[in-house]
Amino acid sequence: MSETTTTVDVERARQIWEEYQKQHDVSDRKGQAVGIDPVSGRVWFGESIIDIVRQMDAEGVFTPLYYVRVGYDYYDRKGGHR
């Protein structure tokens, strides 16, 4: 997300993702990256953020997205295991 992203954008993206999962079976995509556009509501899937950005670039779409991994409430966690 960009520096101009607001809490409202993040909450909207989370709502979109929650609704998307209610309407679509994404169980076969567990672990894939998902990018959610909080403005248009469009959802993008890929193996990584880079894959999603390449898809967007190919379509000429340039907008900040909220990213998570399918099956998780985050994209990546920092820190080691103890």
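So the sequence shown is numbered by this note's numbering: it starts at 2 and just counts up by one. The C-beta atom is built at its ideal place from N, Cα and C for all residues, glycine as well. Keep in mind the model is a prediction, meaning the values are calculated, not measured.
Check	Outcome
Beta-carbon proximity check, V62 vs R30, cutoff 7 angstroms	no
CB contact check: K31 to chain D, cutoff 7 angstroms	This model lacks chain D altogether, as it is built from one protein chain only.
Reduced DSSP secondary structure (H/G/I, E/B, other) of V11	helix
Bridge partners - I51, DSSP secondary structure assignment	Answer by DSSP bridge pairing: none, since I51 is not bridged.
Nearest neighbour of I17, chosen from R78, L66, D58 and G47 [CA to CA]	L66
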